[in-house]
Amino acid sequence: MDALITLVHQHPAAILAIACAIAVIGVAAYVVFALRNSLMASALSAKPMSLTKEQIKCCSVEWRWNPSRITFTIPAAYTSDEGINKWADEVAPRLGMRFQPTEVRIIPRKLFQSAQYKVTFAKLKELR
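Residue 39 in the UniProt record's numbering is what sits at position 39 of the sequence shown, and the numbering runs on without skipping anything.
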């Protein structure tokens, strides 16, 4: 404990710089997660599906910082084949950056998991 107190007294600027760096990383992580959640909520509450907040919590989205693909996983109980295809066509412009629906897969029911749709959007330049 005495070593830590001595370190703080000898190098206060270094300790302050480390604390600021940790704070900036924390804020950046919060912003990234907030953007991802807002993207998911905006896309899933679009008109063809119009999911409620409780239903949106059952869905998931996979994407990276600079995504070439965005994948939504939606329980099959919330929509039909025709509805999911119509939703994918209407949501693609909302995602921005020239995304286009490329694949809609049905994942069959497993032991403790219900059937799901996996909808993949890809950038146009990645498709060429």
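We put the beta carbon where it would ideally sit given N, CA and C, even for glycine.
Rounded separation between residue i and residue j - CA only
i	j	result
Q100	I5	57 Å
A17	A23	10 Å
K118	V27	31 Å
H9	D2	11 Å
A41	I15	39 Å
C-beta atoms of residue i and residue j nearer than 8 Å
i	j	result
Q116	I56	no
L84	V104	Before going on, a small fix: residue 84 reads as Ile here, not Leu. Yes.
T102	F121	yes
A88	S114	no
Residue range of the unbroken alpha helix (DSSP H) whose run includes residue i
i	result
Q10	D2 to Q10
Residue range of the unbroken beta strand (DSSP E) whose run includes residue i
i	result
A122	Q116 to K123
For residue i, three-class secondary structure by DSSP
i	result
R109	coil
Every unbroken alpha helix (DSSP H) within the region 19–83, with a cutoff of 4 residues, ordered by chain:
Listed in chain order, they are 53–57.
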